[in-house]
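Plus 211 on top of the position in the sequence shown (first one is 1) and you've got the working numbering. Take a look at the structure below.
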Amino acid sequence: MSAIPSAPADAIARHRELCDLVRHHEERYYILDDPEISDAEFDRLLHELERLEAAHPGLVTPHSPTQRVAGRPIDRFESVDHMVPMLSLDNAYSEDELRAFDERVRKGADLRNGSVSYVAELKIDGLSIALTYDGGRLIRGATRGNGTTGEDVTVNVRTIRAIPLTLHGGPVGRVEVRGEVYLPRASFERANREREEAGLPLFANPRNAAAGTMRNLDPALVDRRGLSAFTYQLLSEETSFAHHADTLAALRGWGLPVEPHWRRCEGIGAVVALCAEWADARRTLQFETDGVVIKVDDLALRERLGSTAKFPRWATAFKFPAEQATTALKAIAVNVGRTGAVTPYAVLEPVFLAGSTISMATLHNAEDVARKDLREGDRVLIEKGGDVIPKVVKPMLPHPEGSRPWVMPSMCPACSSALQRDEAEVVWRCENTACPARIRRALEHFASRSAMNIEGLGESLIDALVAQGLVHDFADLYGLTADRLEQLVVVPKDPRSERAKPRKLGKVGRNVAKQLTQSKQHDLARLIYGLGIRHVGEKAAATLARRFRTLERILDTPAEDLQAVPEIGPVVAASVRAFANEPRNRELVERLGAAGVNMQSLSADSSSEPGPLAGRTYVITGTLSSMSREDATAALERLGARVSGSVSKKTTALIAGAEAGSKLEKARQLGVETLDESAFLDLILRA
Ligand code: IVH
212 MSAIPSAPAD AIARHRELCD LVRHHEERYY ILDDPEISDA EFDRLLHELE
262 RLEAAHPGLV TPHSPTQRVA GRPIDRFESV DHMVPMLSLD NAYSEDELRA
312 FDERVRKGAD LRNGSVSYVA ELKIDGLSIA LTYDGGRLIR GATRGNGTTG
362 EDVTVNVRTI RAIPLTLHGG PVGRVEVRGE VYLPRASFER ANREREEAGL
412 PLFANPRNAA AGTMRNLDPA LVDRRGLSAF TYQLLSEETS FAHHADTLAA
462 LRGWGLPVEP HWRRCEGIGA VVALCAEWAD ARRTLQFETD GVVIKVDDLA
512 LRERLGSTAK FPRWATAFKF PAEQATTALK AIAVNVGRTG AVTPYAVLEP
562 VFLAGSTISM ATLHNAEDVA RKDLREGDRV LIEKGGDVIP KVVKPMLPHP
612 EGSRPWVMPS MCPACSSALQ RDEAEVVWRC ENTACPARIR RALEHFASRS
662 AMNIEGLGES LIDALVAQGL VHDFADLYGL TADRLEQLVV VPKDPRSERA
712 KPRKLGKVGR NVAKQLTQSK QHDLARLIYG LGIRHVGEKA AATLARRFRT
762 LERILDTPAE DLQAVPEIGP VVAASVRAFA NEPRNRELVE RLGAAGVNMQ
812 SLSADSSSEP GPLAGRTYVI TGTLSSMSRE DATAALERLG ARVSGSVSKK
862 TTALIAGAEA GSKLEKARQL GVETLDESAF LDLILRA
């Protein structure tokens, strides 16, 4: 604020007025869909604001509407720990399941007769977001991630015009508002038109497009994509309401976007009727919805009902019935995965279903095809549920004349080696580790977001690299130069795009080279996961990295010592040993190391003794004067404790700072020990 006095008083006043006006019209346009002025008039206001700020740079603050889009791409997203886990929702697929949910709620509420008040909201098909406001200013936007840890995507969230940079009225302290970011249908269709023209693979649906956009490192691109958002949850120590309906009204009142079709429903009968209405009416909306979320309105009752580890007991998501269509099954082809598993899939006559054109569907395994007796040439019923991938439900009988039951090919379609199947398994496998199809899939996994996160190294580029003999394994990737990648000719892959022509990678290639260089610095956990050792998922990879610190140590540790680590079972231990015993793998790891790929754990050392507070769980509430909650959480975690967002019988103690609210009350009710700030400091200093 210190720079503001350098501008004359009339400029300061006009600046304030313009900021308010621009926000007002953003709200009319992006939230209410009811503009009061033309686009040209709006642009004039924004330009005036820009000119004023150019003349008086002291007036620019991060909250000015001119500052939504950061100038340049960022290197990566930081991770964010959610103080209160971001849970998922249980699902109900029928009226009976909705009524069963209501029964459970009424039982939990001790209500034999009488009805519960619910709020029904549309379920937005996007990605969840946690917005933090402090003093009414947007200070952070984070993705859900795995529910406990997400990514800081503030730069991208700021570009979403439906999300205010400042609240009007509303809480003065720090609050978190949760909701959903989505891509409106029109923006989705435009994005796919542009991608088709550029020869890029199309987004399968608006949800994938929104999630992909949010994870883009270039805010200018995110801005152009046209994301929007709705909010539906408030976490605040300072402000609370008796009913969810009041929360929604308050969020809207503070200038936040709230999906306007929410309704209060007295009893489950009204909910059932509303769900039936939306099953059809949803097609009229400007965004994709896959159901209705039903929430207990009374917030005190919600507290009493609580949550399981995965979802709240006070809410459920009614999923609209899967949409179905019939089409021709042109062929049954097989796909070879990175572990060599060979799975059949359906090649379909393209058909439009629930917002996208379907030309392929999964068929799970050969037994499934046999059980359904699916034959090439059949007309088949396909359906698309909440998931992206459509499935084949059944053939429409009779089969065409002369058709025969399908049989699994005896040879791998990519390398012609004979397929094998274990007695006990339903899966057929190609056992050839040099099979080009396996190599392609393994490379895709290595480059994937959760592994080495090499953006741009997708299917078509990998296909080109393998087909042109440039890459045979992970280590070869690091021998590729920016010049070589720039000149590389690829054929963009998209079965729906007719226009996919071979083209040079150009600038994209240079970017991939940059990404490859950056990936060398990743934590060991990503590398272990990326190596694709069977049964070693993300979690086991992280545990191994933290516990053993270097890849060399992991590969040299006997199975019984691997297994001695909590969370590492005999299957994972045996699989790591099998990987380590294969000389080809050792050589691969050596070449990765020689290329400069980091082979050490970068995370806090937990290899030694478990921390002095291991096994204890704390909850922090209220304001601590000596440190932020994030620092307090980190301090406890360094000592081996777990920090949770909600008080339960399992909580060791509640750390209560100033103005502690409902959590303190709950701790008292449950008889959980409470520590004030000085007792907390004592705990962490003496531990
Ligand atoms: S409430 C504690 N309300 O659906 C659970 N979620 O399948 C809080 N979603 O992760 C979620 N629309 O991302 C809620 N109106 C709505 C929603 C909604 C979409 C998403 C949310 C959640 C997912 C669960």
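Beta carbons are placed, not taken as given, at the ideal position from N, Cα and C, and that holds for glycine.
Can you give me the start and stop residues for the beta strand (DSSP E) that residue i sits inside?
i	result
E407	From DSSP, E407 is part of no beta strand (DSSP E) but of the alpha helix (DSSP H) over 396-408.
V291	290-292
M607	602-607
R385	385-393
N546	534-547
M571	567-573
F529	526-530
E332	328-335
Using the Cβ count rule (16 or more neighbours within 10 Å means buried), how would you classify residue i?
i	result
D893	exposed
V854	buried
T644	exposed
A736	buried
P706	At P706 the pLDDT is 48, less than 50, meaning the model places this residue with poor confidence; the figure from the coordinates comes in the next sentence. Label assigned to P706: exposed.
S275	buried
P616	exposed
N730	One detail in the question is off: residue 730 reads as Ser in this sequence, not Asn. By the neighbour-count rule (16 or more Cβ atoms within 10 Å), S730 is buried.
M297	buried
N792	exposed
F288	buried
A214	Its pLDDT being 45, under 50, A214 is placed unreliably by the model, and the measurement read from it follows with that caveat. So A214 counts as exposed.
F657	buried
A852	buried
E332	buried
P713	exposed
H226	buried
Can you name, in chain order, every residue of its own chain whose Cβ lies under 7 angstroms from the Cβ of residue i, other than the five neighbours on each side?
i	result
S381	Checking the sequence shown, residue 381 turns out to be Gly, not Ser. Around G381: G347, W465.
I248	H236
A456	V330, R475, D508
P781	Q774
A420	L394, F399, A402, F414
Report all residues from its chain with a CB closer than 8 angstroms to the CB of residue i; omit the five preceding and five following residues, and keep chain order.
i	result
E870	E448, E449, G833, T834
V558	L540, K541, A542, I543, A544, S570, M571
R632	V638, W639, R640
A806	A686, Y689, G690, K731
L630	V553, M619, P620, S621, M622, C623, W639, R640, C641
Measuring CA to CA, which of the options is closest to residue i?
i	options	result
A520	A222, G358, V366, T354	G358
R418	P412, T500, H379	T500
Y443	R493, F522, V388, L338	V388
A373	L762, R426, D434	D434
P471	F563, A693, D244, T365	D244
V604	C623, Y556, C626	Y556
V858	A341, L256, E514	E514
W525	A320, K334, P647	A320
M619	P606, V553, A678	V553
H575	V591, V562, D589, I600	I600
Could you tell me the boundaries of the alpha helix (DSSP H) in which residue i lies?
i	result
L485	478-492
P561	Where P561 is concerned, there is no enclosing alpha helix (DSSP H), although the beta strand (DSSP E) it sits in stretches over 552-564.
L432	430-436
V800	794-805
D457	455-464
T754	749-759
I743	The sequence given here places Gly at residue 743; Ile does not occur at that position. It is not in any alpha helix (DSSP H) - G743 carries neither H nor E in the DSSP assignment.
A645	Element bounds for A645: n/a, residue is neither H nor E.
T728	718-730
F441	From DSSP, F441 is part of no alpha helix (DSSP H) but of the beta strand (DSSP E) over 439-446.
A625	From DSSP, A625 is part of no alpha helix (DSSP H); its letter is neither H nor E.
R262	250-266
E771	770-774
Using a Cβ-Cβ cut-off of 6 angstroms (strictly less than) and excluding sequence neighbours within five positions of residue i, which residues of its own chain qualify?
i	result
A341	A353, E387, R389
V291	A353, G361, D363
F312	A303, T527
I223	none
D766	Looking at the sequence itself, residue 766 is Leu, so the reference to Asp does not match. A791, listed in sequence order.
On the premise that residue j lies in contact with residue i, defined as a C-beta separation below 8 angstroms, what is that separation, rounded to the nearest angstrom?
i	j	result
L847	I895	7 angstroms
P284	D429	4 angstroms
A218	H267	4 angstroms
D584	P606	7 angstroms
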